[in-house]
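Per my numbering, residue 337 is the first one in the sequence shown, and the count goes up by one each step.
Below you'll find the structure, written out as structure tokens, and then a few comments.
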Amino acid sequence: PVSGGWHVDWLDGPGKFWLVCLVEALHLYPILYLNILAALGNVDGSLLQAAENLGASPWQRFRRITVPLIMPGIFAGVSIVFIWSFTELGTPLMLGFLRVTPVQIFNGITELETNPMPYTRVLVTMFISVIMYGGVRLFLRVPAHLTSATKGTGQSIGHAGRWTNLLTVVFFSVIITLAILPHLSVILLAFTRDWYASILPEKYTLLHFRHALIHSYVVPSISNSIQYSLAATVLCLFISGVIALNSTRWRLPGAPLFDLAGMIPLAVPGLVMAFGYLALAIRIPYASLREMLDPLKNPLFFLILAYAVRRLPYGIRSLTAGLQQSPEELELAARSLGASPLTTLRRITIPLVISHILIAFLFVFSFSMLEVSDSLILAQTPGTFPITRAIYELSFILGSGPYIACAFGTWAMFFLAGTMFAAVRLLGKRFSSIFRF
Numbered sequence: 337p338v339s340g341g342w343h344v345d346w347l348d349g350p351g352k353f354w355l356v357c358l359v360e361a362l363h364l365y366p367i368l369y370l371n372i373l374a375a376l377g378n379v380d381g382s383l384l385q386a387a388e389n390l391g392a393s394p395w396q397r398f399r400r401i402t403v404p405l406i407m408p409g410i411f412a413g414v415s416i417v418f419i420w421s422f423t424e425l426g427t428p429l430m431l432g433f434l435r436v437t438p439v440q441i442f443n444g445i446t447e448l449e450t451n452p453m454p455y456t457r458v459l460v461t462m463f464i465s466v467i468m469y470g471g472v473r474l475f476l477r478v479p480a481h482l483t484s485a486t487k488g489t490g491q492s493i494g495h496a497g498r499w500t501n502l503l504t505v506v507f508f509s510v511i512i513t514l515a516i517l518p519h520l521s522v523i524l525l526a527f528t529r530d531w532y533a534s535i536l537p538e539k540y541t542l543l544h545f546r547h548a549l550i551h552s553y554v555v556p557s558i559s560n561s562i563q564y565s566l567a568a569t570v571l572c573l574f575i576s577g578v579i580a581l582n583s584t585r586w587r588l589p590g591a592p593l594f595d596l597a598g599m600i601p602l603a604v605p606g607l608v609m610a611f612g613y614l615a616l617a618i619r620i621p622y623a624s625l626r627e628m629l630d631p632l633k634n635p636l637f638f639l640i641l642a643y644a645v646r647r648l649p650y651g652i653r654s655l656t657a658g659l660q661q662s663p664e665e666l667e668l669a670a671r672s673l674g675a676s677p678l679t680t681l682r683r684i685t686i687p688l689v690i691s692h693i694l695i696a697f698l699f700v701f702s703f704s705m706l707e708v709s710d711s712l713i714l715a716q717t718p719g720t721f722p723i724t725r726a727i728y729e730l731s732f733i734l735g736s737g738p739y740i741a742c743a744f745g746t747w748a749m750f751f752l753a754g755t756m757f758a759a760v761r762l763l764g765k766r767f768s769s770i771f772r773f
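Structure (structure tokens):
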């Protein structure tokens, strides 16, 4: 403690709560940013120019036109951030903040057959999440005639002044610096030999990275995660493709309902879904089937299902966007020349949307590789641990455990960063559409 001054202990007491909030905010703000960015891109610039011609000041245009039009995007992003942080298990669990619902649900896994409290907590969590998600979808819509048909302003609305640009750069520099500090800390811990009572490590080593690739937890977890994620990705892309084709091409009765059903995983947190699978597994009436699907022995089936369902919204949004942007006339022309539906799909449709299929694959696979809630709840034995569960277990090993966990986490961060970079390069300005609903 600092004598005679203000001091906050971020690792104990009330300070731990604010540390969890800060980490969650720095982790999730890009989702809100991307939703607002996409909403701004849909604002018709002619409305702002008309207001300017009528003498409205910049502040009035912002308050009376821009904000009301982007409000659905703001609340959509806010609802995703709220649901995500409300059901986040990894952050409070790793920081030792136990007085949150997700951690209490996680700790109640061993009492599923005797204690009804975990089920009650899961039900309350799901109810709040669904209400938040449903409210945004039902009550926050912008009329189509108020948005640009080209999904962008398309017109010059003005340029910020030099001081405004400077303040913007300073503001975002501070935010980005704060956001990458936890990542830098993990990387430094992975390289340090000993770090105590100093701002930066005094000695560095690559030994932890070597251990991170040969530890008994690590090698099987990488193999397990690849198997789980590949199978989940194939399943997710198949379901997403069927729903996207039904929404944009086949247009069978009830197509909007299937599209809405595919987005429900945004409202049902992974924590709730994984807990539901676990509760289902122990109550299967047939002993042989219950033995085969028991997550405590082999969580393969439920982990693949959980990973696939959790990433279904991203697959649907990516493939739907690709199909909407590809001309349907080419497919109709192929059909009129005698091509079968399967041939048309294989020779025309898939090549037109191959970049969106690749993006969906990258997102589903990479996020499944690093899924936290489902992995922590469904994988209970060392031989079946995926990557995130292995990192969690490594962090509690005395001695070099936390350092090896940080080294393993560094590999995972670079893997995810590479995936995001590839997706941005492929999708360009349409990247933000993946995070919208």
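Ideal Cβ placement from N, Cα and C applies to all residues, glycine included.
If you count every other CB in all the chains shown that lies within 10 Å of the CB of residue i, and 16 or more means buried, which is it?
i, result
"residue 760", "exposed"
"residue 446", "exposed"
"residue 781", "The structure shown does not extend to residue 781, since the chain is modelled only from 337 to 773, so the question has no answer here."
"residue 533", "exposed"
"residue 348", "exposed"
"residue 487", "Because the pLDDT of residue 487 is 47, which lies under 50, any placement of that residue in the model is unreliable, and the question is left without a value."
"residue 510", "exposed"
"residue 454", "buried"
"residue 350", "exposed"
"residue 548", "buried"
"residue 512", "exposed"
"residue 352", "buried"
"residue 400", "exposed"
"residue 491", "Unreliable placement is indicated for residue 491, whose pLDDT of 46 sits below 50; the coordinate value is still reported in the next sentence. By the neighbour-count rule (16 or more Cβ atoms within 10 Å), residue 491 is not buried but exposed."
"residue 658", "buried"
"residue 299", "Here the chain comprises residues numbered 337 to 773, so residue 299 is not present and cannot be evaluated."
"residue 742", "buried"
"residue 582", "buried"
"residue 443", "exposed"
"residue 725", "buried"
"residue 380", "buried"
"residue 357", "exposed"
Could you tell me which residues DSSP puts in a beta bridge with residue i?
i, result
"residue 540", "528"
"residue 506", "Paired residue(s): none; residue 506 is not in a bridge."
Could you give the C-beta distance for residue i and residue j, rounded to a whole number, given that I count them as a contact under 8 Å?
i, j, result
"residue 530", "residue 610", "Between residue 610 and residue 530 the Cβ distance is about 38 Å, and since that is not below 8 Å, they are no contact."
"residue 744", "residue 554", "6 Å"
"residue 599", "residue 649", "5 Å"
"residue 452", "residue 438", "Not quite, the Cβ-Cβ distance comes to about 18 Å (not below 8 Å), so this is no contact."
"residue 448", "residue 615", "6 Å"
"residue 647", "residue 703", "6 Å"
"residue 397", "residue 387", "5 Å"
"residue 652", "residue 579", "5 Å"
"residue 367", "residue 436", "Not really, about 20 Å apart at Cβ, beyond 8 Å."
"residue 722", "residue 560", "5 Å"
Give the DSSP-derived three-state secondary structure of residue i in the structure shown.
i, result
"residue 449", "coil"
"residue 352", "helix"
"residue 735", "coil"
"residue 346", "coil"
"residue 622", "coil"
"residue 775", "In the structure as shown, the chain begins at 337 and stops at 773. Residue 775 is therefore absent and cannot be evaluated."
"residue 493", "Below a pLDDT of 50, predicted positions are generally treated as unreliable, and residue 493, at 49, falls in that range; the measurement from the model is reported next regardless. Of the three classes helix, strand and coil, the one that applies to residue 493 here is coil, per DSSP."
"residue 535", "coil"
"residue 551", "coil"
"residue 682", "helix"
"residue 675", "coil"
"residue 359", "helix"
"residue 730", "helix"
"residue 760", "helix"
"residue 647", "coil"
"residue 466", "helix"
"residue 700", "helix"
"residue 366", "helix"
"residue 662", "coil"
"residue 689", "coil"
"residue 631", "coil"
"residue 653", "helix"
Would you say residue i faces chain D, with C-beta separation under 8 Å as the test?
i, result
"residue 633", "As a matter of chain content, chain D is missing from the structure shown, which is built from one protein chain."
query: Considering only residues of the region 702-726, which uninterrupted alpha helix (DSSP H) runs meet the minimum length of 4 residues and lie entirely inside it, listed in chain order?
result: 709-714
message: If we require 4 or more residues per run, which alpha helix (DSSP H) segments fall completely within the region 387-461?
response: 394-397, 403-422, 426-431 and 437-443
Any alpha helix (DSSP H) of 4 or more consecutive residues that is wholly inside the region 561-614: 591-599
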